[in-house]
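Working notes, structure below.
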Amino acid sequence: MKLNYPKKVYLNGAWIHPEEAKISVFDRGFLFGDGIYEVIPFYKGKLFLLTEHLDRLRYSLKEVELKCGITNFEALISKSIEEAELEKEDGAIYIQITRGMAPRTHHFPENYQATVLMYAYKAKLDNFQYKFIDTLVSTDLRWHRCDIKSVSLMANILANTEAKKEGFAENIMIRDGCFTEGSHSSLFFVKNETVYTHPNGPFILPGITRNLLIKLCKANNIEVVERALPVSELDMATEVFITGTTTQITAIKNLHFPDKILNFGEEIGKITKKLQGLFIDEVEKQIGVKI
Ligand code: PMP
């Protein structure tokens, strides 16, 4: 899909054209990456898992002690779909909140007015169940608070650029000998019909899609274990897939290590397929529309 700027953006109280949206060079988001963000999907204009995404947004704000004064996120989010004229489309809402403008100091300024940016954009959310992708295995160079959806994404960007150079859309990352997650997705393995994923905590983002998937496994008698998978146990895995708001559930065909390629079959695995079906049913049930 061709990437475009949105039609309108919400910036600090006003809906404006992107060319008119300006922030200060002293905005702490620009100077330090001192801000957080959230991405919320919508299918045919209908928001999916809004409450869960807003809970995570509030968690990120709380963890970095960032006050933004916005109490009506829901109304602004709905308005952003209207402003972008995407009421019948698939897409996502991007929300970014930074600690605003202040003379440059590392510590928080005493007084600040948060910068709030929000917009809806079109995204391709159909046909994810047919993708069977290759990914690059990379070292996880991120900080120890990956549970915060911080806009400081340098390690993710470096890793993903490396993947892109080699022709892959995503990496999966290793920290201390164990798989953590993708540069912008959660990671799952299947071994003996059991699904494994890294436990929530400081080393992964608590993916909203990940959390839904765990619920779907439990409700459908698929055993799920939240444990970091050591690289040494990878040989036993028969299926690998990643999840995310716009990744949904994407099956992985090959893992590219620096010295070898590990293949996971010529067809998407049975459990991955089953979970993709359950995910589609869940979206359709919640939004009341076929996707
Ligand atoms: N991990 C990382 C590092 C991510 O950037 C994302 C995408 N937001 C995810 C996991 C998946 O999270 P979600 O399902 O909430 O999109």
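According to the working numbering, the residues represented by the sequence shown are 132 to 422, in order. Ideal Cβ positions, reconstructed from N, Cα and C, are used throughout, including at glycine.
Legend entry - ligand 1 heavy atom lying under 8 Å from the CB of Ile339: Yes, ligand 1 has a heavy atom inside 8 Å of this Cβ.
Inset, instruction - Just the C-alpha distance for Gly164 and Ile411, rounded to the nearest angstrom, thanks. - result: Each residue's alpha carbon lies about 35 Å from the other.
Inset, instruction - Could you check the C-alpha separation between Gln417 and Leu178 for me, to the nearest Å? - result: Distance between the alpha carbons of Gln417 and Leu178: 9 Å.
Inset, instruction - Determine, using beta-carbon pairs with one atom in the stretch 364–379 and one in the stretch 318–330, whether at least three such pairs fall under 8 Å. - result: Judged by Cβ distances under 8 Å, the stretch 364–379 makes contact with the stretch 318–330, as three or more pairs qualify.
Inset, instruction - Please indicate yes or no: does the CB of Val170 lie closer than 8 Å to some heavy atom of ligand 1? - result: If you check the C-beta of Val170 against ligand 1, you find a heavy atom less than 8 Å away.
Legend entry - DSSP three-state assignment for Phe263, whether helix, strand or coil: Assigned with DSSP and collapsed to three states, Phe263 falls in strand.
Legend entry - CA-to-CA distance, Ser314 to Trp274, given in whole angstroms: Roughly 13 Å separates the two Cα atoms.
Inset, instruction - Give every residue of the same chain whose Cβ lies closer than 8 Å to the Cβ of Ile422, excluding the five residues on either side of it in the sequence, and list them in chain order. - result: The answer, listed in chain order, is Tyr174, Lys175, Asp221, Leu256, Asp257, Ile411, Val414 and Glu415.
Legend entry - Expected contact under 8 Å - CB spacing of Ser262 and Ala382 to nearest Å: Looking at the sequence shown, residue 262 is not Ser but Lys. Contact holds; Cβ gap of about 7 Å.
Inset, instruction - With a threshold of 8 Å, establish whether the CB of Glu216 neighbours any heavy atom of ligand 1. - result: Checking every heavy atom of ligand 1 against the Cβ of Glu216, none is found closer than 8 Å.
Inset, instruction - Using only the heavy atoms of ligand 1, determine whether one of them is closer than 8 Å to the beta carbon of Leu336. - result: Yes, ligand 1 has a heavy atom inside 8 Å of this Cβ.
Legend entry - Residues of its chain near Asp158, where Cβ-Cβ distance is below 8 Å and the 5 sequence neighbours each way are ignored: Closer than 8 Å at the Cβ level, and outside the excluded window around Asp158, lie Thr229, Gly231, Met232 and Thr246.
Legend entry - alpha helix (DSSP H) runs contained entirely in the stretch 349–420, provided each spans 4 or more residues: With a minimum length of 4 residues, the continuous alpha helix (DSSP H) runs that stay inside the stretch 349–420 are 401–418.
Inset, instruction - Within the same chain, show all residues whose beta-carbon is closer than 8 Å to that of Glu354, passing over the 5 residues directly before and after it, in chain order. - result: Glu324, Thr325, Val326 and Cys348.
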